[in-house]
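Written below as structure tokens is the structure these notes are about.
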Amino acid sequence: MHTYTVALEEQIDQWRGYLRKRQAIHTVDIAELEDHLREQVSGLVEAGLAADEAFLVAVKRMGNLDALSREFAREHSDRLWKQLVLVSTDAETRRSGGQKEMIVAFCIAAAAALAIKAPALFGMPIDDGVAGFYMRNLSLFILPLLSVYFVWKRKTAPRTIMYLAGTFIVAAIVANITPVTPGGSTEALMALHLPISLWLVVGIAYAGTRWDQSAGRMDFIRFSGELFIYYVLIALGGGVLFGFMSMIFNAIGIDIEPLFESWLLPCGAMGAVVIASWLVEAKQNVIENMAPVLTRLFTPLFALMLVIFLSVMIWTGRGFDIDRNVLIAFDLLLVVVLALLLYSISARDPHARPGIFDIAQIVLVLSALIADAVALWAIATRISDLGVSPNRVAALGVNIMLLVNLTGSAALYLGFIRGRGSFTRLERWQTRYLPVYAAWAAIVVLAFPPLFGYI
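Sequential numbering from 2 applies to the sequence shown in my numbering.
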């Protein structure tokens, strides 16, 4: 252990000394960069890398230091340094790699587009008669193929590939052999919660060996937010394209709406997930500028909306409507608020001082916390009046889960603003909470059907 510590400290000392000689990095930033480097090294060692290998990979990951890392490798490295850090800057090599990835992404997107039509070959076209089958299996048509893209891109270890494949196979079996009532509550809950569980499986494929680290999970949160934005943009573009197609074909007396409903819409929706993921990976510099701007725009607006809603409810003394549709819409609002919180945390510099946007964030969290408590009271009242049902228990579980998350977030955020804690603690709280969502979704998928008689 002593040899490992001395060798690693010598490497870090050499790296630190090299940075001090360079004007690109200010002296005041070196300590902060070193802390980040040590955190990366520690995580990689825990993942199974040797200390020297972990150090080399960590230096390579130091985003803005890529150029300095290459210089450092040229002046101080042996062959291993060159293999791990001395990345080729040849434009032709980069272009060739980018073209290869684009081809792979489009091939996987085409496979996803065809997968949604595969059941039609066995007499199960997309129509009302088999709507339940497509509801339960929708995520299984695309998420395994999206994982294939990340497995290829990350060069995932065989053991992890077997775990991913096994999880998707088990999910497919559960989704198709569980004797739920067609159109029933447990079928709808399964269709809603299975994608949530499997999305965390995609996260493992995305983050690879870094999934056990807070930074790896936070990267996946960023990716999820950026993927959503790109997907919406692609969907809007597709809608405009179909509008023009419909117009020009109608001009010659041809109705293409059946083609749109049976082929273009389902195939495009599946393939666009992979294409949007590829765009996030390929065009990160663009989306990283856009997504935080959207977050900063909508966070204050949602905070203001919730504050006004709670103020009006208190002022008028009106009780909360416990209608089922209202509760569903309210829970969706709270999920959107949590998504805004998650993405704003992932996009924020953890070392920056608290600012006005952090005040807006804490207002959003506190108002959402109060709103969630109101929703919990309404759900409890509904259960007391009407009895237990799958939907009510699922809603109760979601709101309790959100209440715990928002309570922890509020406490940690207030501690950060008051200077009694670091922002990193809030990041860790959110990333460690991700498996809770997957676990609850898995409980709904696996346990609710038999518990409630498959209704």
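For each residue, glycine too, the CB sits at the ideal point set by N, CA and C.
Using the rule of at least 16 other Cβ atoms within 10 Å of the residue's Cβ for burial, across every protein chain shown, is residue i buried or exposed?
| i | result |
| --- | --- |
| glutamine 15 | exposed |
| glycine 318 | exposed |
| histidine 194 | buried |
| glutamate 262 | exposed |
| methionine 103 | exposed |
| glutamate 428 | buried |
| alanine 106 | buried |
| phenylalanine 123 | exposed |
| asparagine 326 | exposed |
| leucine 328 | buried |
| methionine 191 | buried |
| alanine 443 | buried |
| tryptophan 459 | Within the shown structure, residues of the chain are numbered from 2 to 456, placing residue 459 beyond reach of any answer. |
| glycine 44 | buried |
| asparagine 177 | exposed |
| threonine 382 | exposed |
| alanine 110 | buried |
| valine 149 | buried |
| leucine 339 | buried |
| leucine 387 | exposed |
| valine 337 | exposed |
| glutamate 11 | exposed |
| valine 437 | exposed |
| histidine 3 | Any reading at histidine 3 must be qualified, since the residue scores a pLDDT of 42, below 50, and its modelled position is unreliable; the value itself is stated next. Exposed is the call here. |
| arginine 160 | exposed |
| arginine 421 | exposed |
Residue i and residue j: beta carbons closer than 8 angstroms?
| i | j | result |
| --- | --- | --- |
| tryptophan 430 | glycine 398 | no |
| aspartate 332 | alanine 252 | no |
| phenylalanine 303 | leucine 365 | yes |
| leucine 447 | valine 175 | yes |
| methionine 380 | asparagine 406 | The identity of residue 380 in the sequence shown is isoleucine, whereas the question assumes methionine. Contact flag unset, no. |
| leucine 147 | valine 274 | yes |
| valine 152 | isoleucine 143 | no |
| alanine 114 | glycine 272 | yes |
| proline 267 | isoleucine 117 | yes |
| arginine 155 | alanine 348 | no |
| isoleucine 309 | aspartate 359 | no |
| proline 391 | phenylalanine 299 | no |
| threonine 408 | leucine 341 | no |
| phenylalanine 221 | glycine 204 | yes |
| alanine 208 | arginine 218 | yes |
| phenylalanine 245 | proline 351 | no |
| alanine 8 | leucine 38 | no |
Measure how close the beta-carbons of residue i and residue j come, nearest whole angstrom, since I'm counting them as under 8 angstroms.
| i | j | result |
| --- | --- | --- |
| leucine 415 | alanine 372 | Between alanine 372 and leucine 415 the Cβ distance is about 18 angstroms, and since that is not below 8 angstroms, they are no contact. |
| alanine 277 | glycine 99 | Not a contact, Cβ separation roughly 17 angstroms. |
| valine 42 | alanine 55 | 5 angstroms |
| arginine 426 | leucine 413 | 5 angstroms |
| threonine 179 | proline 450 | 5 angstroms |
| serine 368 | leucine 307 | 4 angstroms |
| alanine 411 | leucine 377 | The Cβ separation is near 16 angstroms, so there is no contact. |
| alanine 361 | proline 301 | 5 angstroms |
| threonine 210 | alanine 48 | 5 angstroms |
Measure from the alpha carbon of residue i to the alpha carbon of each residue in the options, then state which is nearest.
| i | options | result |
| --- | --- | --- |
| isoleucine 346 | Arg383, Ser390, Pro293 | Pro293 |
| proline 183 | Val131, Arg160, Leu334 | Val131 |
| isoleucine 230 | Leu115, Ala361, Trp279, Tyr135 | Trp279 |
| serine 215 | Arg433, Ala48, Leu367, Val181 | Arg433 |
| alanine 173 | Leu141, Pro126, Pro159, Arg160 | Leu141 |
| leucine 242 | Gly254, Arg218, Gly269 | Gly269 |
| aspartate 36 | Phe169, Ile13, Val46, Ala48 | Ile13 |
| tyrosine 135 | Leu387, Gly204, Pro196 | Pro196 |
| isoleucine 363 | Gly133, Pro159, Leu305 | Leu305 |
| leucine 165 | Leu265, Leu199, Ala189 | Leu199 |
| isoleucine 170 | Glu188, Pro145, Gly185 | Pro145 |
| valine 375 | Met314, Val445, Val60, Val46 | Met314 |
| glutamate 40 | Asp213, Ala112, Ala119 | Asp213 |
| tyrosine 344 | Gly226, Val437, Tyr232, Phe250 | Gly226 |
| leucine 234 | Val281, Gly185, Leu38, Arg421 | Val281 |
| valine 445 | Thr187, Gly422, Arg421 | Thr187 |
| isoleucine 456 | Gly254, Asp256, Val181, Val60 | Val181 |
| arginine 393 | Gly133, Ala189, Ala236, Asp53 | Ala189 |
So with Cβ pairs under 8 angstroms, would you call residue i a contact of chain B?
| i | result |
| --- | --- |
| aspartate 373 | Included in the structure is just one protein chain, with no chain B present. |
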